[in-house]
């Protein structure tokens, strides 16, 4: 397939870098300031080197990407909330041109799911978005394989930053602020960690899961979300006395989305440590399935994007 | 054979259970001191219970250093509540009483200005509004009684009523400005 990549952050760059290995060709990569476009395939290595050196990703106009002859638009621009722009419009333009879209951007799928599906119905192209939930972990394709109606609930840990903080607090008996500072030093937490620790990032992923289970109907505003900022070290100590620990757990069903700190058995499947993610997919006829792995990171997330590309039909 | 012969047997069987006794299991938690077991069994016999077996799990110590004891007994159904009441009045920690009545046991962790916000009132409201029995409480107040504290509360709840009970506890929490860390139910979490 010929890929046009929008967004040249960790994920966009990793998709470009790994595309060849997966048998695909990159014909365009763009960020908000520039684009590198070549219908015969761009020189990925040189483009990424240039971008890595602080220069724009290319001298072309990002607008021209849509005029390029591509099969799949990879939407890897930063997630935005509310109207989910510009990710939504990018997706719309590609579908209207009868192309496929693979999203790594959570915004459109969480906030405007029904609109995306309506656009897809009118298009020869399809949308896929495995990378929006759990990075490298095949969550959505597992649900797709089980068929969504046979899945009753999805629960789990889908934010590595919050999980890292809770794990360290429990292990070292430290308080939230202390461990947050350490996580920032290690580069696990962003300078502004709000999105991760207040539960928003996990909530977006569980909203997407609820949309898949119920075929739409949910946005971030429908989720009941509590973060981990108010959990003191003493709460984790008390939980441990009882063989339990606290994790930021999300739950998605056809009835709703809930994210918050919950008590789970210390040695149970959901008590993953560090930045590891896990989901438990509860099925009607086959009990629970667990998928665990790396839920973030450029190359990890790019593998989910490229797996999606591999599942698309030829146009 | 089936039409007539059964009648007499049935009434015999009824005579056994009707107004008779049922078997119950209570799980207790005892302090490891001489005389404790005897003290715990007295309310059972005082209230007309008949001991069937006692499983004293020495060596299997609960997280707080107590010894779990499982007592099988029989008694008329209307006496069972009196027995459980009698045990609690004698200061015995009843972890589980009967199979139906306190079918589920959960723990929640409360976080906030627990002491300033009248912890004992919070606990009585949980018992009343969530139809729960507080079995156990651990409090950690590293900042002193005026600061943010955590409490782990172990509750016995009627079977099948856990979701409702947790909803009540959530609403008490939000009224009293306490964070409630609930257990994750469902699946095999």
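Protein chains in written order, with the working numbering: chain A, 1 to 315; chain B, 1 to 189.
Cβ atoms here follow ideal geometry from the backbone N, Cα and C, with glycine treated the same way.
Q) Who pairs with residue 57/A in a beta bridge, going by DSSP? A) Numbered from 1 along the first chain, position 57 holds the residue referred to as residue 57/A. According to DSSP, residue pairing for residue 57/A in a beta bridge does not occur.
(Q) With three or more C-beta pairs closer than 8 Å as the rule, is the region 254 to 268 of chain A touching the region 120 to 131 of chain A? (A) no
Q) Going by DSSP, which residues form a beta bridge with residue 33/A? A) Mapped onto the first chain, residue 33/A falls at position 33. None, per the DSSP bridge assignment.
Q: Using a Cβ cut-off of 9 Å, pull out every chain B residue sitting near residue 86/A, in sequence order please.
A: Here residue 86/A refers to the residue found at position 86 of the first chain. Within 9 Å Cβ-Cβ: nothing; residue 86/A doesn't reach chain B, min ~37 Å.
Q: Please compile the residues from chain B whose C-beta is within a distance smaller than 8 Å of the C-beta of residue 193/A.
A: Residue 193/A sits at position 193 when you count from the first residue of the first chain. Those within 8 Å of residue 193/A in chain B number zero; the least Cβ separation is about 19 Å.
(Q) Can you tell me where the beta strand (DSSP E) holding residue 216/A begins and where it ends? (A) Counting from 1 along the first chain, the entry for residue 216/A is found at position 216. Looking at the DSSP string, residue 216/A is not in any beta strand (DSSP E), and its letter there is neither H nor E.
Q. How would you label residue 86/A, buried or exposed, when you count the other beta carbons within 10 angstroms and need 16 or more for buried?
A. Locating residue 86/A in the first chain gives position 86, where the first residue counts as 1. Buried: at least 16 other Cβ atoms inside 10 Å.
Q) Per DSSP, what kind of secondary structure is residue 169/A in: helix, strand or coil? A) Within the first chain, residue 169/A is the residue found at index 169, counting from 1. Helix.
Q: Would you mind telling me which residues of chain B sit closer than 7 Å to residue 190/A, beta carbon to beta carbon, in chain order?
A: Locating residue 190/A in the first chain gives position 190, counting from the first residue. By Cβ distance, chain B contributes nothing, its closest Cβ being about 24 Å from residue 190/A, past 7 Å.
Q: Select from 29/B, 74/B, 50/B the residue whose C-alpha is nearest the C-alpha of residue 40/B.
A: The sequence position of residue 40/B within the second chain is 40, counting from 1. Ranking the options by Cα distance to residue 40/B, first place goes to 29/B.
Q: Please list the residues of the region 225 to 236 of chain A that have a C-beta atom closer than 9 Å to any C-beta atom in chain B, keeping them in chain order.
A: 226, 230, 231, 232, 233, 234, 235, 236
Q. If you draw a straight line from the alpha carbon of residue 207/A to that of residue 220/A, how long is it in whole angstroms?
A. Within the first chain, the letter at position 207 stands for residue 207/A. Within the first chain, the letter at position 220 stands for residue 220/A. So the two alpha carbons sit approximately 6 Å from each other.
Q) Going by alpha carbons, who is nearest to residue 32/A out of 13/A, 3/A, 116/A, 77/A? A) Along the first chain, one-based indexing puts residue 32/A at 32. For the residues 13/A, 3/A, 116/A, 77/A, the minimum Cα distance to residue 32/A belongs to 77/A.
Q. Which of the three DSSP states, helix, strand or coil, is assigned to residue 262/A?
A. As a working note, residue 262/A is residue 262 in the first chain. Of the three classes helix, strand and coil, the one that applies to residue 262/A here is strand, per DSSP.
Q | Runs of alpha helix (DSSP H) wholly within the region 89 to 166 of chain B (minimum 4 residues, chain order) | A | Secondary structure remark: continuous alpha helix (DSSP H) runs of at least 4 residues inside the region 89 to 166 of chain B, in chain order: 119 to 129.
Q | Closest residue to residue 234/A among 177/B, 139/B, 164/B, 182/B (Cα-Cα distance) | A | On the first chain, position 234 is the one that residue 234/A refers to. Taking only the C-alpha atoms, the option nearest residue 234/A is 139/B.
Q) Which residues in the same chain have their Cβ closer than 7 Å to the Cβ of residue 97/B, if we skip the five residues on either side of it in sequence? A) Locating residue 97/B in the second chain gives position 97, counting from the first residue. Cβ within range, chain order: 26, 84.
Q.
Can you confirm whether residue 148/A, when its beta carbon is compared against all beta carbons of chain B, has any partner nearer than 8 Å?
A. Within the first chain, residue 148/A is the residue found at index 148, counting from 1. With 8 Å as the cut-off, residue 148/A does not count as an interface residue toward chain B.
**Q.** Residues that DSSP places opposite residue 83/B in a beta bridge
**A.** For this step, residue 83/B is matched to residue 83 along the second chain. Looking at the DSSP assignment, residue 83/B forms no beta bridge with any residue, so it has no partner.
Q) Hey, would you say residue 247/A sits closer than 8 Å to residue 270/A, going by beta carbons? A) Here residue 247/A refers to the residue found at position 247 of the first chain. Here residue 270/A refers to the residue found at position 270 of the first chain. If you check the CB distance, residue 247/A and residue 270/A come in under 8 Å.
**Q.** Closer than 8 Å to chain B by CB, residue 165/A
**A.** As a first step, residue 165/A is located in the first chain; it is residue number 165 there, counting from the start. Cβ-Cβ to chain B under 8 Å: no for residue 165/A.
Q. Who are the neighbours of residue 142/B on chain A, taking C-beta pairs under 7 Å?
A. Working through the second chain from its first residue, we reach residue 142/B at position 142. The answer, in chain order, is 234.
Q: Decide yes or no for the touch test of the region 90 to 107 of chain A against the region 129 to 146 of chain A: beta carbon pairs closer than 8 Å, at least 3 of them.
A: yes
Q | CB contact check: residue 244/A to chain B, cutoff 8 Å | A | Within the first chain, residue 244/A is the residue found at index 244, counting from 1. True, the Cβ-Cβ gap to chain B drops below 8 Å.
Q) Of all the CB atoms in chain A, is at least one closer than 8 Å to the CB of residue 94/B? A) Walking along the second chain from the start, residue 94/B turns up at place 94. Chain A, which has no Cβ nearer than 8 Å to the Cβ of residue 94/B, makes this no.
Q. Any contact of the region 24 to 42 of chain A with the region 1 to 13 of chain A, i.e. 3+ C-beta pairs under 8 Å?
A. yes
**Q.** Alpha-carbon to alpha-carbon, residue 113/B and residue 35/B
**A.** Working through the second chain from its first residue, we reach residue 35/B at position 35. Working through the second chain from its first residue, we reach residue 113/B at position 113. Those two C-alpha atoms are separated by around 39 Å.
**Q.** Residues of its chain near residue 177/B, where Cβ-Cβ distance is below 8 Å and the 5 sequence neighbours each way are ignored
**A.** Counting from one through the second chain, the residue named residue 177/B turns up at place 177. Answer for residue 177/B: 112, 113, 117, listed in chain order.
Q.
Tell me the DSSP secondary structure of residue 69/A in three-state form.
A. For the purposes of this step, residue 69/A is identified with residue 69 of the first chain, where counting begins at 1. Residue 69/A: coil per DSSP, three-state reduction.
Q) Going along the chain, which unbroken runs of the beta strand (DSSP E) with 3 or more residues stay wholly within the region 225 to 253 of chain A? A) 244 to 252
Q: Could you tell me whether any Cβ in chain B is nearer than 8 Å to the Cβ of residue 298/A?
A: In the first chain, residue 298/A corresponds to position 298, counting from 1. No, residue 298/A does not count as interfacial toward chain B.
**Q.** Proximal residues of chain A, C-beta to C-beta of residue 179/B below 7 Å
**A.** Position 179 of the second chain, counted from the first residue, corresponds to residue 179/B. Correct list: 230.
**Q.** Exposure label - residue 300/A; buried when at least 16 CB within 10 Å
**A.** Looking up residue 300/A in the first chain gives position 300. The residue is buried, with at least 16 neighbouring Cβ atoms inside 10 Å.
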